[in-house]
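Below is one structure, written out as structure tokens; the observations come after it.
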Amino acid sequence: MSLKEEIEKTMRIKGKGIGGAIQTHFHYIQERKGEEGVKKVEARLKELGYSLDFRKLKATERVPLSLSYLVVLVAREVFNWQDSDIFDMGNNAPKYSFIVKMIMNYFLSAKKTFQESPKYWRKHYDVGELEAYKFSEEGRYMIIRLKNECPPTICTFYCGYFLRVAQYAIKSEKVTIEETKCQNKGDSYHEFMVKWE
Amino acid sequence: MGIRTLPSARTLNVFLTLFGKPLSKQIIMVEKKSIKEELEKTKEDLADLEMYIEEFSTFLPLAVCTVNPVERIIDINSAFENLTGYKSIEIVGESVEKIFPKNKIIAEILKETQGKKYVKGKEIVLLTREKKELIVSLHVSKREDNEGNFIGYFLGMIDISELKKLQEEMENKVKERTKQLQERVEELERFKRLTEGREMRMVELKKEIKELKEELEKQKGRK
Numbered sequence: 061m062s063l064k065e066e067i068e069k070t071m072r073i074k075g076k077g078i079g080g081a082i083q084t085h086f087h088y089i090q091e092r093k094g095e096e097g098v099k100k101v102e103a104r105l106k107e108l109g110y111s112l113d114f115r116k117l118k119a120t121e122r123v124p125l126s127l128s129y130l131v132v133l134v135a136r137e138v139f140n141w142q143d144s145d146i147f148d149m150g151n152n153a154p155k156y157s158f159i160v161k162m163i164m165n166y167f168l169s170a171k172k173t174f175q176e177s178p179k180y181w182r183k184h185y186d187v188g189e190l191e192a193y194k195f196s197e198e199g200r201y202m203i204i205r206l207k208n209e210c211p212p213t214i215c216t217f218y219c220g221y222f223l224r225v226a227q228y229a230i231k232s233e234k235v236t237i238e239e240t241k242c243q244n245k246g247d248s249y250h251e252f253m254v255k256w257e
Numbered sequence: 003m004g005i006r007t008l009p010s011a012r013t014l015n016v017f018l019t020l021f022g023k024p025l026s027k028q029i030i031m032v033e034k035k036s037i038k039e040e041l042e043k044t045k046e047d048l049a050d051l052e053m054y055i056e057e058f059s060t061f062l063p064l065a066v067c068t069v070n071p072v073e074r075i076i077d078i079n080s081a082f083e084n085l086t087g088y089k090s091i092e093i094v095g096e097s098v099e100k101i102f103p104k105n106k107i108i109a110e111i112l113k114e115t116q117g118k119k120y121v122k123g124k125e126i127v128l129l130t131r132e133k134k135e136l137i138v139s140l141h142v143s144k145r146e147d148n149e150g151n152f153i154g155y156f157l158g159m160i161d162i163s164e165l166k167k168l169q170e171e172m173e174n175k176v177k178e179r180t181k182q183l184q185e186r187v188e189e190l191e192r193f194k195r196l197t198e199g200r201e202m203r204m205v206e207l208k209k210e211i212k213e214l215k216e217e218l219e220k221q222k223g224r225k
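Chains as they are written, first to last, in this note's numbering: chain C, 61 to 257; chain R, 3 to 225.
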């Protein structure tokens with residue numbers, strides 16, 4: 061799917077998410093590409109018909125989810141970012157969010173984090189559903205399933221994001237994630253498998 | 003007195019249509035409006051709180067980091083960035099052991115905090131991004147939520163490397179001065195021993211002279 065197609069598809073996605081998500085995207089862009097980078101993304105968004113000043117957004121304000129996805133897609137286009145960059149963007153996103161920092165305090169263990177993940181999703185978005193599907197302490201893995209429409213680029217972003225949440229909660233230096241099922245590939249949900257040593 | 007009867011279904015329907023339903027709707031609408039207003043106010047309060055915490059955290063000259071129960075750094079302030087050289091993006095999410103290389107010590111301090119709730123002024127080596135070792139005075143506070151559940155730690159660090167260096171220099175100077183004084187004392191003791199020996203010899207010689215004089219006098223008398 062071309063980026064143009066991805067953007068068109070994205071803007072048809074319904075639902076809302078917290079403004080804090082968009083803020084974290086811009087914080088990451090600012091960190092990696094500086095103020096110039098932020099301006100480039102804002103200018104491209106304006107060209108596409110979406111005027112957005114992330115500084116004026118409130119972290120808890122509800123904004124269209126499609127807009128949050130669009131920022132990631134536009135950043136990808138503007139900076140010619142690869143999957144590894146999008147993964148990194150997702151992986152760093154929880155670091156900037158005030159809400160995440162507050163919630164993170166209550167993720168006392170890997171299992172607790174796993175159990176609480178559906179609530180965590182609902183705090184952020186009013187669409188989609190996150191299911192804490194399987195957790196194995198002995199097998200050192202957990203599986204989460206997400207029923208949510210999103211462009212393929214965002215699957216990579218979520219991989220990075222969920223990995224970070226797991227990294228916060230698991231005391232291991234080697235934590236990995238893999239998307240084992242994908243709605244964009246014909247499955248009825250996205251499935252993410254987190255493993256650790 | 004006539005017997006009171008229950009209103010017929012028709013009467014009830016008319017009543018509800020005229021008064022009941024719109025009234026309930028009004029109440030629900032007022033309640034919804036009130037909840038919405040309350041929610042908006044809470045969101046604004048949260049945004050204000052976030053801004054306040056951010057400003058305060060940026061202003062604070064003390065390096066602070068928040069650590070979660072599995073000992074991962076989840077937040078840092080500007081002073082922490084200045085002290086360690088790590089940017090938030092680089093260190094948040096990492097284990098606290100990354101900045102405290104002699105990790106057994108930090109593990110012991112955190113364990114101690116579990117029992118005491120607050121540990122003050124523990125000296126520990128902090129490893130900066132540039133692999134420079136700094137000696138810091140570490141203060142750790144155990145965090146609990148409203149229900150008393152353990153939710154992590156606050157770590158406050160003061161760089162005492164310069165102070166320690168100064169202290170070491172002072173200690174070295176004191177040692178050196180003490181050594182010098184000791185040498186002087188020894189020298190004086192040697193001198194004392196020497197002079198005392200001479201005095202003793204003088205006394206002995208005087209005694210000898212006196213005896214010889216007496217002997218001489220005796221011999222003179224015999225002649």
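For each residue, glycine too, the CB sits at the ideal point set by N, CA and C.
Being a predicted model, the structure only gives us computed values, none of them experimental.
Within chain R, the residues placing a beta-carbon under 7 Å from that of residue 228/C are 70, 74, 76 and 95, ordered along the chain. Proximity of residue 119/C to chain R, defined by a Cβ-Cβ separation below 8 Å, is satisfied.
Counting only residues of its own chain and dropping the five nearest sequence neighbours on each side, residue 100/R has no CB closer than 6 Å to any other CB. Runs of the alpha helix (DSSP H) lying entirely within the stretch 97 to 168 of chain R and spanning at least 4 residues, in chain order: 105 to 118. Between residue 132/R and the set 167/R, 173/R and 83/R, the nearest pair of CA atoms involves 83/R. When DSSP states are grouped into helix, strand and coil, residue 108/C belongs to the coil group.
Between residue 182/C and residue 160/C, the alpha-carbon positions lie close to 13 Å from each other. The stretch 68 to 80 of chain C makes contact with the stretch 106 to 120 of chain C; the number of CB pairs closer than 8 Å reaches 3 or more.
Per DSSP, reduced to three states, the secondary structure at residue 124/C is strand. A residue is called buried when at least 16 other Cβ atoms come within 10 angstroms of its Cβ; residue 47/R does not meet this threshold and is exposed. By the criterion of a C-beta distance shorter than 6 Å, residue 84/C is surrounded in its chain by 153, 156 and 157, once the five residues flanking it on both sides are discounted.
Contact annotation for residue 48/R against chain C: 118, 119, 120, 158 and 159 [CB-CB distance below 9 Å, chain order]. Note: residue 241/C is bridge-paired with 251/C in the DSSP secondary-structure output.
Interface residue (Cβ-Cβ distance to chain R less than 8 Å): residue 224/C is classified as such. Residue environment analysis places residue 174/R among the exposed positions, since fewer than 16 neighbouring C-beta atoms fall within 10 angstroms of its C-beta. Note on the stretch 183 to 233 of chain C: whole alpha helix (DSSP H) runs with a minimum of 4 residues are 212 to 229, in chain order.
Rounded to the nearest whole angstrom, the CA to CA distance from residue 194/R to residue 203/R is 14 Å.
A direct Cα-Cα distance of roughly 18 Å separates residue 96/R from residue 254/C.
Following the DSSP letters along the chain, one finds residue 75/R inside the beta strand (DSSP E) bounded by residues 75 to 78.
In this structure, the CA atom of residue 96/C is about 10 Å from the CA atom of residue 102/C.
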